[in-house]
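Student: Submitted below is the structure of interest, expressed as structure tokens.
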Amino acid sequence: MPFESPFANFGALDWAKHHHHAVIVDRAGQIVAEFSFFHTLEGWQQWRQQVARFAPLAVAIETSEGTVVE
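Each residue of the sequence shown is one higher than the last, beginning at 14 in our numbering.
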């Protein structure tokens, strides 16, 4: 049975202390975007601009920091 999802694309965000790396794949598993951005207001604005065209987008976050992890 084929995988069905309401999401058009899937993203992964590698969360680091000063910068983050993102990759977005389509339903076929092909990379459609890959970029890094700094953990600043401008960086998060860049994130929003980059991912807007891939909505609806599901995102998984990988991190070793933060309240939930610690």
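Glycine included, C-beta positions come from ideal geometry on N, C-alpha and C.
Hey, how far is the Cα of Glu17 from the Cα of Arg40?
Tutor: 9 Å
Student: Per DSSP, what kind of secondary structure is Gly42 in: helix, strand or coil?
Tutor: Gly42 falls in the coil class under three-state DSSP.
Student: Take Phe23 as the anchor and find which of Ala29, Ile37, Val45 has the nearest alpha-carbon.
Tutor: The residue with the shortest Cα to Cα distance from Phe23 is Ile37.
Student: Comparing alpha-carbon positions, which option in Thr76, Val45, Glu75, Phe51 lies nearest Ala106?
Tutor: Here the chain covers residues 14 to 83 and nothing more, so residue 106 does not appear.
Student: Using the beta-carbon count (16 or more within 10 Å), is His52 buried or exposed?
Tutor: exposed
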